[in-house]
Structures are given as C-alpha cells and as structure tokens.
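Take a look at the structure set out below.
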Amino acid sequence: MRKRTLIRPKDVGNNAASTENKAEVNSLKSGKPTTSVKASRKEVAGVCKKICKVIQYLILILIIPPFLNYASIQKEVRELIPEKGSLYDVGWGQKMFKLCEGQGPPTVIFESPGGMTSDVWSLIYPQVAKIARVCVYDRAGLGFSERPLTNATEADGTDAKSNYKNKWFPFTVERMADDLYHLMTVSSQEPQPFILVGAELGALVSQFYAQMFEGQVLGMVLINPLSEDLFEQDGGTWLQHWYNYIIPSYQTLQLGAALGITRLALLLGLLYQPMSGAELPEKVEYRQKHLMCHPKHLSSVVDEYHFVNESFSQMKTLRMIKSLPENITVTVINGNYYDEQMPSYLNKAWAKSEQALLTKHYPKANHIVINGADKHMLYRNPRAIIDPVSRIIRQYKNRMKTKQQ
C-alpha cells in the first residue's frame, strides 16, 4: 500500500511577515533602510520641522516687540524731554527733572497726582507764570527723573542720619518731601515763600512739606486731596479697590510695556494715554504715550501706589507731633465727585475722607466745589485751578506793596 502524504498549504501571511522581518534584519545588517522605515523617518522629520518653525515664530514674537520698544524709548527720551527743563542733582548723584518759568517771589510749586508727571499741569503753569515764578517737576522715578537711590556709598554711615539710603523710605511722602526740599532749596535756590499746589497724592506731599518746612510756605492749594483716613471710610472700600484693582492694573501695564505690547496697543488704538479728552500740546500727548511704554516709569508708578499706606502712617505721625501754623493759608478744591466713571460708593467714600480732612485739620480753609468736575479738571477745566492760585498770588503781592509804602 502506498503511504499518503499530506501536503500542508503555505502560510502566506507568515511568509510575508517573515519576509519583511528578514528584510528589516538585512537592512539593519547592510545599513540600508527599507521603504517603510524611510517613510516613518520622513514623517518624524516633517513634524520636527513644523515644531521648529513654531518655536522660531514664538521667539520672534517674544523678542522683536520688546527690542523695538526699547530702541524707540532710547530715541524718544532725547526728543521728548522738555527743552526748558533740566536735571538737578538732589544729592548722592540722584537727578530729578524740574522746569521753572516766570519771576518771583512767590514761587508756585505744582505737585502731581499719584503716578503722573509734570505734564498734568501743562495747561495751568504757563498762565500762572505770567504773574509769578512757577516750578513743575517729576517725582523720583517718574517721567525724566531717576529712581530713588537704594545703594549706600563708601562715605555713608550706618545710621539713618548719615546714610542716605536709610534716611527716608523710597516712594513715601517723607522721601518725596525731602527730595522736594533739596530740589528747590539746595540744588537750586527758588525765591521764597512757596505756594504749594498739589493734587491727590501731590496734596499729601504738599501738606507734609508745609508742616516740615513751615517757614518756607505761604499757602497750599489742595485739589481732590488724598486723605490719610481714606482706607477707613465705609468699611475699607477704597482699601480693597486700591490693592485689588488699581495696583494690579498698573502692574499689567508695566508687564505690557516690558513686552512691547503696550506700544502695539497704542498704535492700533486699543489703549489711550491717561490725559485723553483734553486739548493738549502735541508733544505732551506723545510724551504720555512714551511713558506708557516705559517699564521703568511704570515701575515707579506701581511703587507710589504700593507704599501709600506707609505714607498715610507718616502723615498721621507728623500731625500728632505738630500742627500746621495758622499763617499758612489753605484752599481745598474738588468736584462733585472724584471720578464720574467710578461706582458711586467709591465717590461717596472719597467725599467723606475729604470732609473729614477739612473738619479735623483745616476748618478755616477756603473750600471751593467745581460743579460737574472730577479729578480730570487739571487738564479739562484748568481755569478752575488757575483762578484760585492767581488770587493767592495777587493777595501776597498786595500785602508786600502795603508793607513797602
């Protein structure tokens, strides 16, 4: 009998797989990749190229705007600094910007609101300069003034009196008043007496200066004065608004300026300079836009707002030590509200703090209310400031004439 032999069918799948495996093994041995390996490598290379391009674009976006902004700032600083103003050394190499016009005495010194420069008085001081000496300046770190010194020199001592670094805490009213003293009486000798015209934080600086250097001051004009008990009104509504909204908003602007985003937003009309809504000189508008793009300026703005509680404490302490002499005249000017764009509860709290200031410390003050005005009156309704200041100047000159007769 014949033996039957069973013929098994060829396993096509296994043979194909084994063939591919053998091909891959052979390719590895020979160093020549197969078609499938080549395709996978091309896919990986394509993905890597796309990722590299995305990274390149991101780097360009992150580097080019800040670089262009920095280059623009360096050019604008030279072009936009006011021609009539100068930088004065107030001690230890720190320089501050000051601009003065007119003939004195008296000398009217304008103190700007928190975080604002001398530009805020650009529609006021030229008119007052027709009848008196006027000086506007930028506080330390703002505008064209250098930031406060924080490093001790070899000549400095270790105590507060001999070490300028520790003399006053930067960005507080003590340091601001001390800087003003050096700027007006040491770096330059402006004719006395002084009439201090201050708005908001500038009003606080004016009050501190008047009580520290009472012999130099003839009178004060306080516009929407920032009062040291503002944060205590109505359950601390302003305290929350100050630290939860105002400071973070300026910190955001500072970051945007550092990244060059603010300049792009101004060019596209998405942001506006802070003194908008007034007929300002063209150079002032350019200067305000320039400062919005300047990280160092905005850093000082943040610091002024951040340390305001310390300034309040300093003012309270000074009031306990000494009171304002009665021969210094006080005029308080405010509108119907602090800012018409703000919620009513914030305007009410501000009004209460102003009334408390008048009642406690200046009951004999000349109180002027400008109907329909708010904090923007400095550049939207400048006549409301020019007239009361001019009146004080004329009264002083009339008294001097009477004495000479």
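Residue 14 in numbering that gives the first Met the number 0 sits at position 15 of the sequence shown; the count goes up by one each step and never skips. By construction, the Cβ of each residue, glycine as well, lies at the ideal position given by its N, Cα and C atoms.
Taking C-beta atoms under 8 Å as the contact rule, Gln93 and Pro169 fail to qualify, at a distance of about 10 Å.
The criterion of a C-beta distance shorter than 9 Å is satisfied by Val89 and Asp178. Nearest in C-alpha terms to Val331, of all of Ile391, Leu317, Asp302, Gln313, is Ile391. Per DSSP, reduced to three states, the secondary structure at Arg146 is coil, with no helix or strand assignment. DSSP, reduced to helix, strand and coil, places His289 within a helical segment of the structure shown. The beta carbons of Ile194 and Val172 sit no closer together than 9 Å. If you compare the alpha carbons of Asn397, Val388, Met399, Tyr395 with that of Tyr124, the shortest gap goes to Val388. Judged by beta-carbon spacing, Phe109 lies beyond the 9 Å limit of Trp91, meaning their Cβ atoms are not closer than that value. With contacts defined as CB atoms closer than 9 Å, Thr316 and Met291 fail to qualify as a contacting pair. Counting C-beta pairs closer than 8 Å gives fewer than three between the segment 204 to 219 and the segment 126 to 135, which falls short of the contact rule. By the neighbour-count criterion, in which a residue is buried when 16 or more other Cβ atoms sit within 10 angstroms of its Cβ, Pro247 is exposed.
Here Glu78 is exposed, its C-beta having fewer than 16 other C-beta atoms within 10 Å.
For the options Ile72, Leu203, Ala209, Met211, the alpha carbon positioned closest to that of Phe143 is the one of Ile72. Counting the other CB atoms within 10 Å of its CB gives Arg393 a total below 16, which places it among the exposed residues.
Taking all protein chains shown into account, Cys47 has fewer than 16 neighbouring C-beta atoms within 10 Å of its C-beta and is therefore exposed. The straight-line gap separating the alpha-carbon atoms of Leu254 and His240 is approximately 20 Å. For the pair Leu98 and Leu265, the Cα-to-Cα distance works out to about 28 Å. Asn346: not part of any beta strand (DSSP E); member of the alpha helix (DSSP H) spanning 343 to 360, first to last residue.
In this structure, Ser85 sits away from Ser226, with a CB-CB distance that is not shorter than 9 Å. Between Tyr249 and Gly334, the CB-CB gap reaches or exceeds 9 Å. Contact between Val107 and Val76 does not hold, since the beta-carbon distance rounds to 27 Å and is not under 8 Å. About 4 Å separates the beta carbon of Ala257 from that of Pro294, a gap short enough to meet the 8 Å contact definition.
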